[in-house]
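Number of protein chains: 2
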Amino acid sequence: MEDLNVIKIGGNIIDEEPMLSSFLKKFASVTGKKILVHGGGKMATRMAEKMGIPQQLVDGRRVTDAETLKIVTMVYAGYINKNIVARLQSHQCNATGICGADGNSVLAHKRVSTGTDFGLAGDIDSVNGQWLKSLLDQGLTIVMAPITHNGQGQLLNTNADTMAQEIAKTMSGSFQVKLIYSFEKAGVLMNVEDEQSVIRSLNPASYLELKESKKIFAGMIPKLDNAFAAIREGVKKVIIGKGEDLGNLLNGKSGTTISHE
Amino acid sequence: MEDLNVIKIGGNIIDEEPMLSSFLKKFASVTGKKILVHGGGKMATRMAEKMGIPQQLVDGRRVTDAETLKIVTMVYAGYINKNIVARLQSHQCNATGICGADGNSVLAHKRVSTGTDFGLAGDIDSVNGQWLKSLLDQGLTIVMAPITHNGQGQLLNTNADTMAQEIAKTMSGSFQVKLIYSFEKAGVLMNVEDEQSVIRSLNPASYLELKESKKIFAGMIPKLDNAFAAIREGVKKVIIGKGEDLGNLLNGKSGTTISHE
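Just so you know, the protein sequences line up as chains Y and E, in that order. Position in the first sequence (first residue = 1) + 3 = my numbering. Position in the second sequence (first residue = 1) + 3 = my numbering.
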């Protein structure tokens, strides 16, 4: 099977113009098929402030009321998505930007409230892998904004990490998928204070050992549990590290690589 | 050659929720290949006001400074484009929303200033008909936002009428193209005060006659000159009328039809 890289970048890269610029240049030069999933960054929050729309965060997640959905649709699927595409084009990387409504690529449902009501937040039901594959087969790079739809005309705000993971899982039916989470740290750290303490590789057994001996920073556990879930569902490798170091993440010279072995 | 409908809608439909809703339902039910080109409406102007960004119009055209470009990218390529797509999906019309940067579909250059500097306004250089055709051939309907790019990483604000026209001309190489301009009036009127005075058809000879006898409202002349230019460059028919009446426009029962004959 052919290789496919699914690369997720977050606000730490999107908000810093020189970092974004350098990342996009590196990303454009990665050979082979690739999908970029981007988060939002601070622009949506700043826009909401300017427009006088109060924002509510619960456990770091945004509560998406109707006005907030308007803003994230504009900022994520409009401003950020189209600027990334235009800049990839300038590096001779022919990209197309889409959200989950486009080509019915990611179908979701409004999150069922269990205590906190997250409003118009979407939990993913299915990814249209056939269409994404057809875009990739035409030589296009896909730039995905973390907005989904419910098939009944409603857009929904979806977590970009989850979006990348679900896409990676579905595409594993047709490709050998590497899922790269770009992150503000150099990888999964043994000691959260020490950037040199990157754990270079994790497999299910070594992860269990580290978890049981409480050697892993608790904040990383949900991310890692998700990474191992992706591996169990067919993703070949999950790599976590700094997006600025994209080349080395892809060839295994830096970051943390999560796999079966 | 197969038929293709290129349909342009403007602010009069986008700004009126019941009208938009009814239009999208009709549009979704149009059989065969189709491209929807949408303008912006009043939302960009309202957003600019809320954010304290002064807007300058010269002869009805927006001067696009950097902050205004951000807003139109967000509103046109984000909010409006993705909402239209999600709603078409709910009517079982599989659509994808793109702007000119996506798949390098519409390449433009910054308008050369001749007196008025329109800022980041884009004049179209080329349309990537091959890619648009490949999307249509996959059974997708294209929803196009009037934002283009210059190939060097810069997005540009482009007039939606021009965008529709350039797409229709390029696609005429592969399809029998009808270009439909949806409009606030029932068609080209003999008497601008009388909605019943629709001129049902125009060809180059009858148009010249009406122009010479000054029987056509002067405000329509640039639109009609463009329509005849499209016909000369391969577009089969240009139809001007009310979008609410889409079915009758397409089957020739209402509006003004512009063709060779």
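Glycine included, C-beta positions come from ideal geometry on N, C-alpha and C.
Contacting residues, own chain, Cβ-Cβ under 7 Å from residue i (five flanking each side not counted)
i: Asn206/Y; result: Ser262, His263 and Glu264
i: Thr173/Y; result: Val130 and Gly132
i: Lys85/E; result: Gly100
Candidates the options, of which the one nearest residue i by Cα
i: Val201/E; options: Lys113/E, Ser257/E, Met77/E and Leu253/E; result: Ser257/E
i: Glu5/E; options: Gly255/E, Val238/E, Gly246/E and Glu247/E; result: Val238/E
i: Val88/E; options: Ala104/Y, Ala148/Y and Tyr82/Y; result: Ala104/Y
i: Trp134/Y; options: Ala221/Y, Leu159/Y and Ile170/Y; result: Ile170/Y
i: Glu20/Y; options: Met46/Y, Met166/Y, Ala230/Y and Ala208/Y; result: Met46/Y
i: Arg114/E; options: Leu159/E, Ile101/E and Glu187/E; result: Leu159/E
i: Leu182/E; options: Asn15/E, Ser116/E, Ser209/E and Lys240/E; result: Lys240/E
i: Lys226/E; options: Gly55/E, Asn162/E, Lys36/E and Thr173/E; result: Asn162/E
i: Leu211/Y; options: Gln199/Y, Asp228/Y and Gly222/Y; result: Asp228/Y
i: Ser108/E; options: Ile17/Y, Gly100/Y, Ala221/Y and Gln58/Y; result: Gly100/Y
i: Ala167/E; options: Cys102/E, His112/E, Ser216/E and Lys188/E; result: Cys102/E
i: Glu51/E; options: Leu91/E, Ala69/E and Phe178/E; result: First, the amino acid is wrong: residue 51/E is Ala here, not Glu. Selected option, being the one with the closest Cα: Ala69/E.
i: Val61/E; options: Ser116/E, Ala233/E and Arg235/E; result: Ser116/E
i: Leu39/Y; options: Ala221/Y, Ala208/Y, Ala233/Y and Ile16/Y; result: Ile16/Y
i: Gln179/E; options: Lys188/E, Glu236/E and Ser216/E; result: Glu236/E
i: Val33/Y; options: Pro57/Y, Leu91/Y and Gly55/Y; result: Leu91/Y
i: Asp126/E; options: Thr165/E, His94/E and Gln95/E; result: Thr165/E
i: Gly156/E; options: Lys53/Y, Ser93/Y, Met54/Y and Gly118/Y; result: Ser93/Y
i: Gly222/Y; options: Lys188/Y, Arg49/Y, Asp140/Y and Ala208/Y; result: Lys188/Y
Partner residues on chain Y for residue i, Cβ-Cβ distance less than 9 Å
i: Gln58/E; result: Neighbours of Gln58/E on chain Y: none; closest Cβ ~16 Å, over 9 Å.
i: Val109/E; result: By Cβ distance, chain Y contributes nothing, its closest Cβ being about 11 Å from Val109/E, past 9 Å.
i: Met166/E; result: The contacting residues do not exist; Met166/E stays about 15 Å from chain Y at best.
i: Lys53/E; result: Lys53, Met54 and Gly55
Counterpart residues of residue i in DSSP-defined beta bridges
i: Ala98/E; result: Thr144/E
i: His263/E; result: Paired residues: none, contrary to the question.
i: Lys11/E; result: Val40/E and Tyr184/E
i: Ile127/E; result: Ala111/E
i: Ser204/E; result: Thr260/E
i: Arg65/E; result: Leu60/E
i: Asn160/E; result: Ala124/E and Ile150/E
i: Leu192/E; result: Val201/E
i: Val241/E; result: Leu182/E and Ile261/E
i: Thr117/Y; result: Thr119/Y
i: Asp6/Y; result: Gln179/Y
Neighbourhood of residue i by C-beta distance below 6 Å, restricted to the same chain and skipping five residues each side
i: Leu110/E; result: Asp128, Ser129 and Gly154
i: Tyr184/Y; result: Lys11 and Ile243
i: Gly13/E; result: Gly42
i: Leu213/E; result: Ile219
i: Val75/Y; result: Ala47 and Asn160
i: Ile8/Y; result: Before going further, note that residue 8/Y is Asn rather than Ile in the sequence given. Counting only Cβ-Cβ distances below 6 Å, and skipping sequence neighbours, we find Lys37 and Lys181.
i: Leu138/Y; result: Ile145
i: Gln59/Y; result: Val66
i: Ser177/Y; result: Lys136
Chain E contact residues for residue i, given Cβ-Cβ distances below 7 Å
i: Ile101/Y; result: Thr99
i: Leu158/Y; result: Lys85, Asn86 and Ala89
i: Gly154/Y; result: Gln92 and Ser93
8 Å CB neighbourhood of residue i in its chain, flanking five on each side removed
i: Gly142/Y; result: Asn97
i: Thr259/E; result: Gly190, Val191, Val201, Ile202, Arg203, Ser204, Leu205, Ile242, Ile243 and Gly244
i: Ser175/Y; result: Glu236, Gly237, Val238 and Lys239
i: Ala233/Y; result: Gln168, Ala171, Lys172, Leu182 and Val241
i: Phe186/E; result: Gly13, Asn15, Ile243, Gly244, Lys245 and Gly246
i: Gln95/Y; result: Ala31
Under 7 Å from the C-beta of residue i: neighbouring residues of chain Y
i: Leu143/E; result: Gly106
i: Thr67/E; result: Near Thr67/E there are no residues of chain Y at all, since even the closest Cβ is about 14 Å away, more than 7 Å.
i: Ile16/E; result: None at all; the shortest Cβ gap to chain Y is about 17 Å.
i: Met147/E; result: Result: empty, since nearest Cβ-Cβ is about 12 Å, beyond 7 Å.
i: Ser137/E; result: Gln141
i: Lys73/E; result: Tyr82
Contacts that residue i makes with chain E (C-beta to C-beta distance below 8 Å)
i: Gly43/Y; result: Going along chain E, no residue has its Cβ under 8 Å from Gly43/Y, so there is no contact; the nearest lies around 12 Å.
i: Ile273/Y; result: As shown, chain Y starts at 4 and ends at 264. That puts residue 273/Y outside it, with no answer to give.
Proximity test, Cβ basis, 7 Å: residue i and chain A
i: Ser93/E; result: The structure shown contains no chain A; its protein chains are Y and E.
Cross-chain neighbours of residue i in chain Y, by beta carbon under 8 Å
i: Val78/E; result: Met77 and Gly81
Any non-hydrogen atom of the ligand NAD closer than 6 Å to residue i Cβ
i: Ala69/Y; result: This structure does not include the ligand NAD; it has no bound ligands of any sort.
With three or more beta-carbon pairs closer than 8 Å as the criterion, would you say the stretch 245-255 of chain Y touches the stretch 28-36 of chain Y?
The stretch 245-255 of chain Y makes contact with the stretch 28-36 of chain Y; the number of CB pairs closer than 8 Å reaches 3 or more.
Take every Cβ of the stretch 187-199 of chain E, pair it with every Cβ of the stretch 146-161 of chain E, and state whether three or more of those distances are shorter than 8 Å.
These segments do not touch.
Can at least three beta-carbon pairs, one atom from the stretch 79-87 of chain Y and one from the stretch 72-89 of chain E, be found at a separation below 8 Å?
Contact holds: three or more Cβ-Cβ distances are below 8 Å.
Say whether the stretch 64-73 of chain Y touches the stretch 116-127 of chain Y, bearing in mind that this needs 3 or more beta-carbon pairs closer than 8 Å, one atom from each stretch.
Taking a contact to require three or more Cβ pairs closer than 8 Å, the stretch 64-73 of chain Y and the stretch 116-127 of chain Y qualify as touching.
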